[in-house]
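First comes the structure, then the notes that go with it.
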Amino acid sequence: MDPCGTPLDNGVKSLNKRASCQAFEVILKSPTEPSPERPQTLALPPQKKEPSLGELQRRLEAAEERRKSQEKQVLKQLAEKREREKEVLNKAQEVNNNYSKMTEEKLHHKMELNQENRMARLSALKQRLREKVSLSEVRKNKELHTDLSG
């Protein structure tokens, strides 16, 4: 019985009883006391038995297979990476070759145009020189003709 006169029920004790509220204290049983509803079993770590030679051999083979598989995976990734690098290098070289070829063609075309322009200028100069020579001969002949007639 508690101080208020109510019997205690399974570790619950009434602390304070007022008109507006009630307060209780819960008393828990210690874990070492066995519960009558459920038998308490002690959890012992399972005893490890010694692995047999066959089990050890199987584990070693499995580890070796994992290592080989991982090594194959790494080699495959490296080969793929090298292949991508080769493709990138080939593409860059192809772009560079195309650029060089286009530049060379432009330069060759420009040189041909310059050569044609030079030849046209030289031809025009020669033509003017021939015309001057022809005019000077005509003047000379005219002067000779006037000197002889006069």
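Residue numbers (my numbering): 15 to 164.
In this text, a Cβ means the ideal position worked out from N, Cα and C, and glycines have one as well.
- Pairing residue 153 with residue 140, the inter-Cα distance amounts to about 20 Å.
- For residue 61, there is no enclosing beta strand (DSSP E), as DSSP marks it with neither H nor E.
- When only Cα atoms are considered, residue 74 and residue 68 end up about 10 Å apart.
- Short of 7 Å from the beta carbon of residue 151, and not among the five residues preceding or following it, lies no beta carbon of its own chain.
- Within the region 96–152, no complete alpha helix (DSSP H) segment of 4 residues or longer occurs.
- Rounded to whole angstroms, the separation of the alpha carbons of residue 92 and residue 80 is 18 Å.
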